[in-house]
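Per this note's numbering: the sequence shown = residues 405 to 918. Data block below; observations after.
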Amino acid sequence: MPDPRQVATIEEGEALTEAAIAGFFAGYYVEGARVTREPHPAVALPAGCWAIVLPDAPRTRLVLQRVLPASELARVGVVGGALVLVQPAGRLRVKGGAARRLLRAIDDARPRQPNGLPAPWVVPAAPSAPLGRPADEADVVVEPAPADEGDALIPALRADFERLRRHLGLPALPLAIRQGTTFKHGFVTGRLHLRGGQPTGVVLTLCPASDHAEAAATLAHELAHAVTPGTGHGRAFKEALVALARFGWGAAPFAAAQAADPYPVLDAWITAGIRAALAGHPAPAPVDADEAQVAVVVRRVQKLRALAQDQPGTPEGRAAAARANDLIVTHGLGACHVALPADLGDALCDRWIGTGKRQPWRARVGFAVAAFCDVFALEHRSEGGMHLFGRYADVVAAEHLYGVATERIERRCAAHLAAQRARGLAGGALTRERTSFLHSAAHGFEASLRRARPAPDPEPARRFAQAEHEKRGLRWGTGRGVGYTHSQAGFEAGSAIPVAKAVGGRPPRGLLGG
Numbered sequence: 405m406p407d408p409r410q411v412a413t414i415e416e417g418e419a420l421t422e423a424a425i426a427g428f429f430a431g432y433y434v435e436g437a438r439v440t441r442e443p444h445p446a447v448a449l450p451a452g453c454w455a456i457v458l459p460d461a462p463r464t465r466l467v468l469q470r471v472l473p474a475s476e477l478a479r480v481g482v483v484g485g486a487l488v489l490v491q492p493a494g495r496l497r498v499k500g501g502a503a504r505r506l507l508r509a510i511d512d513a514r515p516r517q518p519n520g521l522p523a524p525w526v527v528p529a530a531p532s533a534p535l536g537r538p539a540d541e542a543d544v545v546v547e548p549a550p551a552d553e554g555d556a557l558i559p560a561l562r563a564d565f566e567r568l569r570r571h572l573g574l575p576a577l578p579l580a581i582r583q584g585t586t587f588k589h590g591f592v593t594g595r596l597h598l599r600g601g602q603p604t605g606v607v608l609t610l611c612p613a614s615d616h617a618e619a620a621a622t623l624a625h626e627l628a629h630a631v632t633p634g635t636g637h638g639r640a641f642k643e644a645l646v647a648l649a650r651f652g653w654g655a656a657p658f659a660a661a662q663a664a665d666p667y668p669v670l671d672a673w674i675t676a677g678i679r680a681a682l683a684g685h686p687a688p689a690p691v692d693a694d695e696a697q698v699a700v701v702v703r704r705v706q707k708l709r710a711l712a713q714d715q716p717g718t719p720e721g722r723a724a725a726a727r728a729n730d731l732i733v734t735h736g737l738g739a740c741h742v743a744l745p746a747d748l749g750d751a752l753c754d755r756w757i758g759t760g761k762r763q764p765w766r767a768r769v770g771f772a773v774a775a776f777c778d779v780f781a782l783e784h785r786s787e788g789g790m791h792l793f794g795r796y797a798d799v800v801a802a803e804h805l806y807g808v809a810t811e812r813i814e815r816r817c818a819a820h821l822a823a824q825r826a827r828g829l830a831g832g833a834l835t836r837e838r839t840s841f842l843h844s845a846a847h848g849f850e851a852s853l854r855r856a857r858p859a860p861d862p863e864p865a866r867r868f869a870q871a872e873h874e875k876r877g878l879r880w881g882t883g884r885g886v887g888y889t890h891s892q893a894g895f896e897a898g899s900a901i902p903v904a905k906a907v908g909g910r911p912p913r914g915l916l917g918g
């Protein structure tokens, strides 16, 4: 959400539409705002721009003074009895105080579901992670060099380091190697320390699954930084890295390492080349594969990584991590995202349920079910619906339990009213009996849920709902009371609804008492 104290620019990426423009100005009682992308004889409309056309009236001019910053207000022209503002398409620049109103207008313009309720804001998604190595965190640090941890140095890495350092003409530098405990799929973190722009030391932090090639490639990366200006990963750095790798392990293993590639991709090819050179294997090369073959490779990578994580620090674990990383490089899977083991049910999302208008007993059931399922609920009387926020599994469980409970209450109410008609009850008395039964049943169902789970915790869902509302410039208020005559028959009917069985068999993990 833009800071209200500043000028706010709402972009097309925020789903700004022509309907939102019209709704925004209508909120200030200015009707008839429209957007055109067609050139106009009297209006210069550059490519990629739209013109916002408003009726030329005293109120419109007053509104524009309230909502537009001075720089935009000066650009409003008068064309044929209309006020025209030209801006890049999909954008409206307003004063910070009007940003919240504009975000609300954007939200009001969102599409509707077939049932007439607004579409959800957040689609649940299974968590995922990239297969490839993460981008380096600022790997050049300006501070004194660390102490040389002599007893932790690996002789082979020290030999590599000294050979590369002398080739580059660098002075003697301390190399510290630290054994990390966090599993990072074999990847090694490197740091080059500088003082006054001159290298003063290198630190490597290994992963339990790191092998010689991963650490050596990280050494080459840090030393390439030492001989190129700046701290970035531009063309000069990448060319220095490729040249250093070819000096250290021969040119043949790095035929696929191209300085034109993004540096994380180049790092991966350098590592694969060093690994091949150390093992005496042929140079790694790209592999073309169709979707079915890629799917097989991804599953194999996941199995290898699971093995590496299950056997950290062992030769088998290091070999599994190395093989997985080589497969990712040669098959070009560095940007591929795969689902994590975490359940889709943990993803935060929202949904709407229909409660109907002028049926507060349904809202009571909805609030009771939401609290029982750790879901945060907001009633929208004008929409005839309720907005649910929380974990996907919780929201789905609440939606289902709400449907089961309201359907059972209505069936019990119909049977109760049929019995009352048989006794001669009719007209307004029958209507009042229906109202009392429904409200009492909702109260009874709510009481049974509280007995089943007296201490719900919807706070995470509430915070999620608050964050989503703030993005859209929306606020909420809760709480209202409804008076009704108690019906013991209705209360007992609501209390008798079986909660656990209502969701069909065994309830989801952590939900409905499960």
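For glycine and all other residues, C-beta sits at the position ideal for the given N, C-alpha and C.
So is residue 844 buried or exposed if we call it buried at 16+ other beta carbons inside 10 Å?
buried
Would you kindly work out how many angstroms separate the C-alpha atoms of residue 787 and residue 761, rounded to a whole number?
8 Å
Taking the straight line between their C-alpha atoms, what separation do you get for residue 533 and residue 881?
38 Å
Counting only runs of 4+ residues fully inside the segment 664-712, write out the alpha helix (DSSP H) ranges in chain order.
667-683
Alpha carbon of residue 686 to alpha carbon of residue 734, nearest angstrom:
If I take the Cα positions, the gap works out to 13 Å.
According to DSSP, residue 793 sits in a beta bridge with which residue or residues?
754, 780
Host beta strand (DSSP E) of residue 583 (start-end):
579-583
Check residue 740 in the structure and name its three-state DSSP category.
It is coil, neither helix nor strand.
Nearest to residue 567 by CA position, among 651, 558, 677, is which residue?
Comparing Cα positions, the closest option is 651.
With 16 other Cβ atoms within 10 Å as the buried cut-off, status of residue 559:
With a threshold of 16 other beta carbon atoms within 10 Å, residue 559 falls short and is exposed.
Under three-state DSSP, which class holds residue 659?
coil
Secondary structure, beta strand (DSSP E): runs of 3+ residues fully inside the segment 558-624
579-583, 593-599, 602-610
Give me whichever residues DSSP pairs with residue 440 in a beta bridge.
Beta-bridge pairing links residue 440 to 455.
Leaving out five residues before and five after residue 484 in sequence, what residues of the same chain have Cβ atoms less than 6 Å from its Cβ?
Around residue 484: no qualifying Cβ.
For residue 758, collect the residues of the same chain with a Cβ closer than 7 Å to its Cβ; drop the 5 residues on either side in sequence, then sort them by chain order.
519, 521, 788, 789
With residue 509 and residue 424 assumed to form a contact (beta carbons below 8 Å), what rounded beta-carbon distance in angstroms separates them?
5 Å
Applying the 10 Å Cβ sphere with the 16-neighbour rule, what's the burial state of residue 862?
Counting of Cβ neighbours within 10 angstroms places residue 862 among the buried residues, the total reaching 16 or more.
Check whether the segment 569-578 and the segment 598-610 touch, using three or more Cβ-Cβ pairs below 8 Å as the test.
yes
Cα-Cα separation between residue 841 and residue 507, rounded to whole angstroms
42 Å
State the DSSP-derived secondary structure class of residue 481, mapped to helix, strand or coil.
strand
Please classify residue 533: does DSSP put it in a helix, a strand, or coil?
strand
First through last residue of the alpha helix (DSSP H) which encompasses residue 639:
639-653
What is the residue span of the beta strand (DSSP E) that residue 491 lies within?
486-492
With residue 496 as the anchor, note down where its beta strand (DSSP E) starts and where it stops.
496-498
Here's a check: name, in chain order, each residue in its chain whose Cβ is nearer than 6 Å to the Cβ of residue 504, leaving out the five neighbours to either side.
877
For residue 447, which of helix, strand or coil comes out of DSSP?
Residue 447: strand per DSSP, three-state reduction.
By the three-class DSSP mapping on this structure, what secondary structure does residue 516 have?
strand
Counting only the same chain and skipping the five closest in sequence on each side, list residues whose C-beta sits under 6 Å from that of residue 922.
Residue 922 is absent from the model: the chain starts at 405 and stops at 918.
Helix, strand or coil for residue 524? Go by DSSP, reduced to three states.
In the three-state scheme derived from DSSP, where H, G and I count as helix and E and B as strand, residue 524 is classed as coil.
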